[in-house]
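The opening position of the sequence shown corresponds to residue -13 in my numbering, with each subsequent residue numbered one higher. The C-beta atom is built at its ideal place from N, Cα and C for all residues, glycine as well.
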Amino acid sequence: MVQSENACPELQSGLACTEPASKSTAQPGLVVGVGGAGQSLVTHMAQQAVCGLTFAVVDTNAEALHQCPLPRRVQIGAQLTGGCSAGGDPGLGRAAAEQDAAVLQQLVGSASLVFVVAGLGGGTGTGAAPVVARLAREAGARVLGLVTLPFEWEGSRRLAQAQAGLEHLQAAADGLLCLPQQMLVRMMAPETPVPQAFLRSAELLSSALQGLARLARCTRRFGADFADLARVLQASGSSSVFATAETQGANRARELPDRLLANPLLAGGHALAEATDVLVSFAGGPDLTVSQVEYVMSQISRHAERAHLIMSVAIDEQFTDRLAVMLIGCCGDAGPAARHPMGSPQASHAAPTATTAAPGLDGYLLDPEQRERPPSRFVAPPPELSEAQKRELLLRQTAGTARRRLRSRWHQGQLPLEIISRGRFEKSEPTIYRGQDLDVPTYIRRGVPLN
Ligand SMILES: Nc1nc2c(ncn2[C@@H]2O[C@H](COP(=O)(O)OP(=O)(O)OP(=O)(O)O)[C@@H](O)[C@H]2O)c(=O)[nH]1
Ligand SMILES: [Mg+2]
């Protein structure tokens, strides 16, 4: 059900969607928060007044929806959960979304660009976000995910659920940007209250949303486009790093790299050292100069020597005398991307990869050649094994350990040592304690066999 501020406060499934369904009246961009974290993240994003975007939230939890200040609220799975949350069960979250797929289709149907926002690890966001993404793509929208992963202290089950949800969302969307919330721990003082940490997540993802929206939508843009963005985001999975910075005034280009690298997610630039792809998206006014871009790029490339740099410049009158940069780095583990390439069955209109990207881009790319990349020093992802293969591997390992233990017992022997002399203690009085001569080595006194 889609709920507007004026609609009946009683949330019911099947209310008419308040948005037009026609693509000719396409919304500039729709941001959909799914689940509890999705709601609070999107509420924060909506307060940042990102132009050209509209906001909506989707949840199983009717009470949480009632408290959400945004006008466009959609309750899903009322018949399955009775208006409660999915209780941490992503299967239930997914079923809830499937049950109300028609309403969700109405919600996303007229958007050309959809951002799906969720905190992964619980039930609704983890299960329903991939369904929302899939429906949006099927309706012809370009879809990007913006998600968080749980803190480690939330437990291994949540982390595993989040990881599975991440892969589903990655398969359903054109790309996603992921913020592992555990990274916030090292950015904050130990006594930081949890709501403060959540607020920091919201700020980081809000600024990423602004950068992504600019890159995806700006018509006066040079260089990398949505296809490049999608490729970098698809390849990065949970291993991407991102940062945004904005400066103003005559010194804006000089100040920008420092401000960007001060972002704790970049760890002073160290996080870029291993990156194989770095996308740098500029937003500037018509007064943006070549030397300003060159300076910022030269500073970034000093920290990302191994990376393939991809650049995009968006020109917007509102950025006159201002400069904003969004940086996304990934470590080139094509992992889930390779497993779910953009031409996957779910992809109804897969965006082209960089090699098939729009002709004419090359002139703007700093490194347009698809040169061979240096081998990554990242630890390779574990191989994908079937259950039977895992069992066999486990059996072999266990058998190996047992054999090693047995072998070491068989080879245990005793060296034929005999005390013939007490060495320099020969002439001295023996040190007898509880009937034992302490000048005799302990292993001999105790009869410990040596190999
Ligand atoms: N940044 C941020 N993260 C949150 C917030 N609430 C929860 N999270 C994170 O998001 C994960 C999922 O929690 P929720 O969004 O509450 O779960 P849900 O999707 O509503 O799922 P159910 O309540 O089980 O139906 C948690 O494990 C947290 O890591 C929040 O307000 N802000
Ligand atoms: Mg919830």
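Under the rule that 16 or more other beta-carbon atoms within 10 Å means buried, what is residue i, buried or exposed?
i      : result
Gly346 : With a pLDDT of only 27 at Gly346, under the threshold of 50, the placement of this residue in the model should not be trusted; the figure read from the coordinates follows. So Gly346 counts as exposed.
Ala236 : exposed
Met440 : The shown model of the chain, from -13 to 437, leaves out residue 440, and the question about it has no answer.
Val440 : Lying outside -13 to 437, the shown extent of the chain, residue 440 is not represented and no answer is given.
Ser187 : buried
Val299 : buried
Gln156 : buried
Thr112 : buried
Pro181 : exposed
Gln167 : buried
Ser284 : exposed
Thr428 : exposed
Asp273 : exposed
Asp307 : exposed
Ala248 : exposed
Gln459 : The requested residue 459 does not occur in the structure, where the chain is confined to residues -13 to 437.
Gly141 : exposed
Mind checking whether residue i and residue j have CB atoms under 9 Å apart?
i      : j      : result
Gly270 : Phe305 : yes
Val44  : Gly19  : yes
Gly108 : Ala42  : no
Ile314 : Leu163 : yes
Val89  : Val129 : no
Thr178 : Ala114 : no
Ala83  : Gly63  : yes
Leu165 : Val118 : no
Phe212 : Asp160 : yes
Pro76  : Ala150 : yes
Leu66  : Gln25  : no
Leu106 : Pro136 : yes
Val103 : Val218 : no
Leu185 : His30  : yes
Leu170 : Ala183 : yes
Leu39  : Leu215 : no
Terminal residues of the continuous beta strand (DSSP E) containing residue i?
i      : result
Pro166 : Gly161 to Pro166
Asp263 : Asp263 to Gly270
Thr134 : Arg128 to Leu135
Glu232 : Val227 to Gln234
Gln61  : Arg59 to Gln61
Ser298 : His294 to Ile301
Gly19  : Leu16 to Val20
Leu152 : Premise fails: Leu152 lies in the alpha helix (DSSP H), Ser142 to Ala158, not in any beta strand (DSSP E).
Gly77  : Run containing Gly77: none in the beta strand (DSSP E); it sits in the alpha helix (DSSP H), Pro76 to Gln85.
Leu99  : Leu99 to Gly105
Asp439 : Only positions -13 to 437 of the chain appear in the structure, and residue 439 is not among them; the question remains open.
Asp273 : Looking at the DSSP string, Asp273 is not in any beta strand (DSSP E), and its letter there is neither H nor E.
Ala175 : Note, Ala175: premise wrong, no beta strand (DSSP E); not H, not E.
Given residue i, which residues of its chain have a CB within under 7 Å of its CB, disregarding the five upstream and five downstream residues?
i      : result
Arg391 : With a pLDDT of only 43 at Arg391, under the threshold of 50, the placement of this residue in the model should not be trusted; the figure read from the coordinates follows. The answer is none, since no qualifying residue turns up.
Arg245 : Ala231 and Thr233
Gly74  : Gly108 and Gly109
Pro243 : Val282, Gln285 and Ile286
Pro176 : none
Can you list, in chain order, the residues of its chain whose CB lies under 6 Å from that of residue i, leaving out five sequence neighbours each side?
i      : result
Met312 : Gly197, Thr230 and Ser267
Gln278 : Ala239
Glu138 : Gln168
Tyr281 : Ala239
Ala158 : Pro116, Ala119, Arg120 and Gln332
Can you name the start and end residues of the alpha helix (DSSP H) that residue i belongs to?
i      : result
Asp244 : Arg238 to Leu247
Thr110 : Thr110 to Glu124
Phe305 : Neither: Phe305 is in no alpha helix (DSSP H) and is coded neither H nor E.
Met67  : In the sequence as displayed, the identity of residue 67 is Thr instead of Met. Taken as a continuous stretch (DSSP letters only), the alpha helix (DSSP H) holding Thr67 covers Ala64 to Thr67.
Gly197 : Val180 to Arg203
Ala50  : Ala48 to Gln53
Met283 : Val276 to His289
Apart from the five residues just before and just after residue i, which ones in its own chain have a Cβ nearer than 8 Å to its Cβ?
i      : result
Arg288 : Gly255
Ala293 : Leu258, Ala261, Thr262, Asp263, Val264, Ser287 and Gly315
Arg80  : Gly113, Ala114, Pro116 and Val117
Ala87  : Val117 and Leu121
Comparing the CB of residue i with every heavy atom of ligand 4, is any distance shorter than 8 Å?
i     : result
Gly69 : Ligand 4 is not part of the structure shown, which contains ligand 1 and ligand 2 as its ligands.
>> For the region 238 to 252 against the region 199 to 215, do three or more pairs of beta-carbon atoms, one drawn from each stretch, fall closer than 8 Å, so that the two count as touching?
In response: Short answer: they don't touch.
>> Pairs of beta-carbons, one from the region 54 to 68 and one from the region 139 to 146, closer than 8 Å: are there three or more?
In response: no
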